[in-house]
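Before any comments, here is the structure.
Numbering (mature numbering (1 follows the signal peptide of the UniProt record, and there is no 0)), first residue to last: -24 to -1, 1 to 187.
Structure follows, in structure tokens:
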């Protein structure tokens, strides 16, 4: 996820295409004053603005932005858009060298998830992985969970800990830290199972990356 990595988030989450792109350079459209600290190299947009990577189709709009090219991007009241994904967050901090972005109060949508929300989240752009924790819930598919790890590239997700999943009149529930729910997206449908395939088991390891 070069685009998001170089820029800020990439966000984006997550975004197979978006997460794979890198913000080598971006245009800046401030909504007000633009302050540059020549000693630190940090630029601040106190009234917010828009950062755009035209080459990779990434656009960040926020009420407050602070960034240092090649180092980090921080934003509040942020909206990150890519070709397929939308990331809305109360705040975000993107570590460009590590290719990681941390979100507080995230709401995420893409072709597989609608209204996916969590108290906090971590996007690992190089792996196309997004980890969500704290009151995780989605409008579609209808899911509530403690922790959710989403593999954007392979279009699969793993819920860890207690969860509730509803599909039509059917409901799947899991209780306790060892509960697991595996979701697979294909052909516009969701396949849900409490039996996790061996190929998806490594997803559980990513949960530890977000305390």
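No residue lacks a Cβ here, since even glycine has one placed at the ideal position from N, Cα and C.
Owing to the predicted nature of the structure, the values given are computational and were not obtained by experimental measurement.
{"Query": "Please state if the CB of residue 28 and the CB of residue 2 are separated by a distance shorter than 8 angstroms.", "Result": "yes"}
{"Query": "Taking the alpha-carbon of residue 138 as reference, which of 144, 148 and 130 has the nearest alpha-carbon?", "Result": "148"}
{"Query": "Is residue 183 near residue 112, with beta carbons less than 8 angstroms apart?", "Result": "no"}
{"Query": "Expressed to the nearest angstrom, what Euclidean distance is found between the alpha-carbon atoms of residue 25 and residue 61?", "Result": "20 angstroms"}
{"Query": "Whose CA, out of 140, 54, 37 and 38, lies closest to the CA of residue 116?", "Result": "140"}
{"Query": "Would you mind sorting residue 86 into buried or exposed? The rule is 16 or more other CB atoms within 10 Å of its CB.", "Result": "buried"}
{"Query": "Where are the alpha helix (DSSP H) runs, 4 residues long or more, that stay fully inside the segment 12 to 42, in chain order?", "Result": "none"}
{"Query": "Could you tell me the alpha carbon to alpha carbon distance between residue 170 and residue 180, rounded to whole angstroms?", "Result": "14 angstroms"}
{"Query": "Thinking residue 191 and residue 50 are a contact (beta carbons under 8 angstroms), I'd like their distance in whole angstroms, please.", "Result": "Outside the shown range of the chain (-24 to 187) lies residue 191, about which nothing can therefore be said."}
{"Query": "With three or more C-beta pairs closer than 8 angstroms as the rule, is the segment 10 to 25 touching the segment 34 to 45?", "Result": "yes"}
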